[in-house]
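Residue numbers (numbering that gives the first Met the number 0): 0 to 120.
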Amino acid sequence: MALLAGQATRDEACDVGIVCVEVDRMRVKGKCRDVTFFTPLPAALAGMPTFHDEMRLWQLALASHRLQHWSEAQACLQQLKSGCADSLLAGVCRQFDERIAHYRIAPPPSDWDGAYTFDSK
């Protein structure tokens, strides 16, 4: 699993040049408000030739997931896993694959906002 940081930490990290990527929105059981989480990436990674393609695929996967477009999200995740096996997002991709498999069996409610809600504290 990637290192996760909240919005305040992300803002401070960006101020000193650390690249942070949004990885999820989560909500604790019993709470209404979700929290956005980010993972910091090494600065050297942002200069790699595959970085922008990987980030584009990840953002598309995340957006598709939140819109409940499971097939599109999984296709993006598969591309990320096959083309970027060493990606720092590899663990997050596996986790989203598992979630999508669950949502295909037990879909979220129609008013779902895309945030993952923990079912226990």
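Beta carbons: idealized from backbone N, C-alpha and C, even for Gly.
Subject >> Sub-8 Å separation of L205 and E53 beta-carbons >> reply: Any property of residue 205 remains undetermined from this structure, which presents the chain solely from 0 to 120.
Original post:
What does DSSP give as the partner residues of R75 in its beta bridges?
Top reply: The residue you asked about is not Arg; residue 75 is Cys in the sequence shown. Per DSSP, none; premise fails for C75.
Original post:
Can you give the Cα-Cα distance for F36 and V20, rounded to whole angstroms?
Top reply: Cα to Cα, F36 sits roughly 8 Å from V20.
Original post:
Near F117, what residues of its chain come up, given a Cβ to Cβ distance below 6 Å and the 5 sequence neighbours on each side ignored?
Top reply: V27 and K28
Original post:
From H101 to A74, what distance separates their C-alpha atoms?
Top reply: 16 Å
Subject >> Alpha-carbon to alpha-carbon, L3 and E103 >> reply: The residue you asked about is not Glu; residue 103 is Arg in the sequence shown. Looking at the two C-alpha atoms, the distance is approximately 26 Å.
Original post:
Taking buried to mean at least 16 other C-beta atoms within 10 Å of its own C-beta, is D23 buried or exposed?
Top reply: buried
Original post:
Thinking C-alpha only, which one of A45, V91 and R65 is nearest P108?
Top reply: R65
Subject >> Cβ shell of F50 (< 7 Å), same chain only, five flanking positions each side left out >> reply: L44
Subject >> Through-space distance from A42 to M25, alpha-carbon basis >> reply: Between M25 and A42, the alpha-carbon positions lie close to 26 Å from each other.
Original post:
Could you give the residue range of the alpha helix (DSSP H) that holds M54?
Top reply: F50 to R65
Subject >> The alpha helix (DSSP H) enclosing L44, as first and last residue numbers >> reply: A42 to A45
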